[in-house]
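Residue numbering for the sequence shown follows this note's numbering, beginning at 45 and increasing consecutively. Built from N, CA and C at the ideal position, the CB exists for glycine as well. Okay, so here's the structure we're looking at.
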Amino acid sequence: MKNIYTIMAVIMLLCMLTIPLLAVGPKGTKTSSEIQFPTVSTSSGTGTGTTIPVKAGYFHVLNVKTDTILEISETDYVFGVVASELPASFEPECIKAQAVAAYTVALLRRSEQSSSPDASLKGADLSNDPSKDQGFITREEAKTKWGSNYETYAKKIDSAIATVKGKVIKYNGKPILAAYHAISGGKTELASVVWNANMPYLKAVDSVGDLLAPDYLTKANFTPEQFIENAKKLGVTLSGDPKAWLKEPKRSASGTVTQYILGTKTLTGQQIRSAFSLRSANFDLTYDGTKLIFSVRGYGHGVGMSQYGANYMAKQGSSYLEILKWYYPDCEIA
45 MKNIYTIMAV IMLLCMLTIP LLAVGPKGTK TSSEIQFPTV STSSGTGTGT TIPVKAGYFH
105 VLNVKTDTIL EISETDYVFG VVASELPASF EPECIKAQAV AAYTVALLRR SEQSSSPDAS
165 LKGADLSNDP SKDQGFITRE EAKTKWGSNY ETYAKKIDSA IATVKGKVIK YNGKPILAAY
225 HAISGGKTEL ASVVWNANMP YLKAVDSVGD LLAPDYLTKA NFTPEQFIEN AKKLGVTLSG
285 DPKAWLKEPK RSASGTVTQY ILGTKTLTGQ QIRSAFSLRS ANFDLTYDGT KLIFSVRGYG
345 HGVGMSQYGA NYMAKQGSSY LEILKWYYPD CEIA
């Protein structure tokens with residue numbers, strides 16, 4: 045596997061010369077969102093809430109838009125996550141890998157909620173808020189999303205889910221936080237870098253297929269005035285020559301900015317990403333005399349499975365098991 049990736053890396057780096065830089069922002073042909081996983085402790089709740097009794101084969105999902113709790117079969121839940129989080133045009137083996145990751149996350153969340161209930165979930169196992177749990181849409185919403193392609197896409201996803209039904213990614217016999225994101229910077233990131241959490245199964249691995257993503261490298265431009273306003277969100281006051289604002293950042297081995305001194309304040313790349321609405325915390329910042337330019341690599345936090353990278357592996361003949369074992373090393377899929 046490593047020899048193949050080394051050869052492909054050389055080819056892809058040459059291909060990058062022809063890849064255009066696209067505008068910042070999610071595209072309709074790529075993943076809809078990323079899971080932020082802001083809570084990464086062994087318990088996501090406060091211990092002050094209550095839970096609906098677990099029903100075998102079902103998840104209870106809080107719809108944050110309607111403030112209602114849906115009782116959804118495990119199969120339909122996984123379908124809804126895949127339909128929300130992954131382009132249906134992706135390869136079947138990639139869809140299988142995503143289905144297993146989605147199911148694993150849901151099992152972990154349900155377990156956490158049972159042991160330490162989060163009152164904000166109002167008794168549900170998890171929500172459909174992609175910034176906290178996983179994105180989810182119903183089959184009816186999928187019909188609206190896919191239109192005339194619904195039957196084709198639904199059949200494709202249902203078939204993939206049926207193949208991997210019941211499969212769970214485990215570490216030391218327990219479901220893992222199977223984090224995933226859209227596009228890495230060419231190498232995935234450690235959980236300790238992004239969340240300051242020790243998760244030995246979320247390691248940094250090569251994901252060179254991401255270098256071929258059409259929007260792997262994007263730019264975000266700001267006038268000095270716009271930059272000053274965004275910096276205020278971070279409690280930073282800037283003035284004078286914009287060139288003086290630029291500093292050499294500290295980075296992780298995967299390229300994530302871990303420390304950037306802006307004004308008199310030391311910030312993380314994640315903080316800057318949030319304040320300036322960047323696609324990732326793997327960026328360079330330059331000034332061309334009229335505007336400040338973020339050159340951003342990848343899309344998402346970079347931890348766990350890269351969806352674009354997984355799809356590339358599937359195109360090269362990797363099975364869903366090979367994909368999962370690559371992005372979640374030292375884990376078992378059972």
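Here residue 323 is near residue 262, since their CB atoms are less than 8 Å apart. Within the segment 321-347, the runs of beta strand (DSSP E) at least 3 residues long that lie entirely inside it are, in chain order, 327-331 and 336-341. If you draw a straight line from the Cα of residue 96 to the Cα of residue 117, it comes to about 15 Å. Excluding five sequence positions before and after residue 277, the CB atoms of its chain that fall closer than 6 Å to its own CB belong to 319, given in chain order. With fewer than 16 other beta carbons inside 10 angstroms of its own, residue 360 counts as exposed. When C-alpha distances from residue 230 are compared across 114, 299 and 138, the shortest belongs to 299. Excluding the 5 residues flanking it on each side, residue 125 has same chain C-beta neighbours closer than 6 Å at 146, 178 and 180, in chain order. Beyond the five residues adjoining it in sequence on each side, residue 335 comes within less than 7 Å, by CB distance, of 265, 266 and 267 in the same chain, given in chain order. Where residue 117 is concerned, there is no enclosing alpha helix (DSSP H), although the beta strand (DSSP E) around it starts and stops at 112-117. In this structure, residue 363 sits near residue 137, with a CB-CB distance shorter than 8 Å.
Secondary structure in the segment 237-277: the alpha helix (DSSP H) runs of 4 residues or longer, each lying completely within the stretch, are 268-276 in chain order.
A distance below 8 Å between beta-carbons, with the five flanking residues on each side excluded, links residue 275 to the following residues of its chain, in chain order: 281, 282, 306, 307 and 319. The distance from the Cβ of residue 154 to that of residue 98 is about 7 Å, consistent with a contact at the 8 Å cut-off. DSSP places residue 107 within a strand segment (E or B) once states are collapsed to three. Taking one beta carbon from each stretch, the segment 183-196 and the segment 214-225 have fewer than 3 pairs nearer than 8 Å; the two do not touch. For residue 219, DSSP records a beta bridge to 214. The beta carbon of residue 245 is closer than 6 Å to those of 215, 220, 372, 374 and 375 in its chain, skipping five residues each way along the sequence.
Between residue 235 and residue 241, the gap from beta carbon to beta carbon is short of 8 Å. Straight-line spacing of the CA atoms in residue 252 and residue 328 works out to 19 Å. Contact between residue 315 and residue 238 is absent: CB atoms are separated by about 12 Å, not below the 8 Å threshold.
With contacts defined by Cβ atoms closer than 8 Å, residue 127 and residue 205 do not form a contacting pair. Around the beta carbon of residue 185, fewer than 16 other beta carbons sit within 10 angstroms, so the residue counts as exposed. Within the DSSP bridge table, the entry for residue 99 names no partner. If you ignore the 5 residues before and after residue 165, its C-beta comes within less than 7 Å of the C-beta of 93, 106, 157 and 171, all in its own chain and listed in chain order. Beta bridge pairing from DSSP links residue 311 with 304. The C-beta separation of residue 222 from residue 148 comes to about 4 Å, placing the pair in contact by the 8 Å criterion.
Between the alpha carbons of residue 196 and residue 341 lies a distance of about 33 Å. Taken through DSSP and simplified to helix, strand or coil, residue 171 comes out as strand.
The C-alpha of residue 331 is placed about 6 Å away from the C-alpha of residue 287.
Across the structure, residue 296 and residue 358 are spaced so that their CA atoms are roughly 28 Å apart. Using a Cβ distance threshold of 8 Å, residue 144 and residue 377 count as a contacting pair. Following the DSSP letters along the chain, one finds residue 190 inside the alpha helix (DSSP H) bounded by residues 183-190.
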